[in-house]
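Here the structure is laid out as structure tokens; the discussion comes afterwards.
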Amino acid sequence: MSETAHPSTAAGGFNVLQVTDCHLFASPERQLRDMRTLDTLSAVLGQAADEAVPDAILATGDIAQEPHPETYATFLAAVRAHFDAPLLCVPGNHDSEPLLSSSLPVEPLTLANDEGASPGAEAPDGWRLVGIDTHIEGETGGRTGSAVRARLAQDISAADEHVLVAGHHAPLRIGTDWLDVHRIEDGDELLACLGTQGASGNSVRAYVFGHVHQAVDMERGSLRLLASPSTCFQFTPNSAGFGIDDKPPGYRWLSLHADGSLTTEVRWLRDKLPPTTQQSPGR
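Note that the sequence shown covers residues 222 to 504 in the working numbering.
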């Protein structure tokens, strides 16, 4: 069952907030790379709440560093402390898919104008947000598989709206060599699926993902490929080996328009975090 949301933006588009790679623990005091990851997530959500009201929120995986029911409850509480918008979550390689799907919303979302489709419109003017599971249990890299792609093809075909697909892993190389090894191993097949059209002439306009802990904005034909930075630490872009960047926690805003176009902006946390969540040099 899917949920329908209606626009809160004055311009009539849809605001979507993407957060990713939160790496939370069951205990809020736990740290990863000298960061208290619940603090960084809360700071990101607080700053985003000062900027706009989202019509939907996407959480694109690695919500948990320690998969536990309490971890996912902590994430949901952090989001609901700032927003009541519909939420769509997908699992990452650090998540437990059964725990995530039993604790958080995973069903597709429909973003529709209050009055429905525009009178006489020959093309869709709403949006359908669909999540896919790209994680492989016990592995860092990703895969979709024929069953996931078949369900996605059904979702695309059945949608009367423009489609945005969310997953955790990148479907192609992004130029960071050590991360590119862990991209979706059947990424070409996924990209082919994303290139199909629905019965209403709608198409997939974007695939948004996480995993790479950096901002990515690429195009493949008419398909936009977008990654958000992590709500905690970032990896060094375009590096051959593992490296931690000095950029702060971040997130992405997407504005989805009735004609199927989108605009997007990456935002970085402006305020310094408390000392316990500052990252040590060289880690």
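Positions of the beta carbon are idealized from the N, C-alpha and C atoms, including for glycine.
Alpha-carbon spacing of residue i relative to residue j, whole angstroms
i              : j             : result
serine 322     : leucine 475   : 24 Å
glutamate 287  : alanine 436   : 24 Å
glycine 416    : valine 384    : 11 Å
histidine 403  : valine 386    : 19 Å
asparagine 236 : leucine 483   : 10 Å
arginine 364   : aspartate 438 : 21 Å
glutamate 382  : serine 443    : 16 Å
glycine 267    : glycine 234   : 22 Å
isoleucine 465 : arginine 441  : 28 Å
alanine 175    : aspartate 480 : Residue coverage of the chain in this structure runs from 222 to 504, which leaves residue 175 outside it and unanswerable.
arginine 473   : alanine 306   : 16 Å
Secondary structure of residue i, DSSP reduced to three states
i              : result
glycine 260    : Residue identity check: residue 260 is aspartate in the sequence provided, not glycine. In the structure shown, aspartate 260 sits in a helix (DSSP, three-state: H, G or I).
isoleucine 324 : Strictly speaking, residue 324 in this sequence is serine, with isoleucine absent from that position. In the structure shown, serine 324 sits in a helix (DSSP, three-state: H, G or I).
valine 274     : coil
glycine 416    : coil
threonine 295  : helix
leucine 513    : Absent from the model: residue 513. The displayed extent of the chain is 222 to 504, so no value can be given.
leucine 266    : helix
glutamate 486  : strand
arginine 301   : helix
CA nearest to the CA of residue i, picked from the options
i              : options                           : result
leucine 447    : Leu245, Arg257 and His389         : His389
aspartate 242  : Val386, Asp316 and Gly462         : Asp316
histidine 244  : Phe304, Asp255 and Gly408         : Asp255
tryptophan 399 : Ile377, Ser424, Glu410 and Thr361 : Thr361
glutamate 410  : Leu373, Pro307, Asp401 and Ser424 : Leu373
leucine 350    : Leu259, Gly396, Asp260 and Val311 : Val311
valine 327     : Asp354, Arg301 and Trp489         : Asp354
valine 300     : Pro319, Glu318, Val274 and Asn314 : Val274
_Please give the ranges of any beta strand (DSSP E) in the segment 357-412, keeping only runs that are unbroken, at least 3 residues long and fully inside the region._
Counting only runs of 3+ residues, the beta strand (DSSP E) found wholly inside the segment 357-412 occupies 383-387, in chain order.
*State whether the segment 274-282 contacts the segment 427-443, with contact taken as three or more CB pairs (one from each stretch) at a distance under 8 Å.*
Yes: the two stretches touch, three or more of their Cβ pairs being nearer than 8 Å.
*Indicate whether the contact test is met: 3 or more Cβ pairs, each with one atom in the segment 243-258 and one in the segment 456-464, closer than 8 Å.*
Segments in contact, no.
*beta strand (DSSP E) runs contained entirely in the segment 428-476, provided each spans 3 or more residues*: Fully contained in the segment 428-476 are the following beta strand (DSSP E) runs of length 3 or more, in chain order: 437-441 and 444-448.
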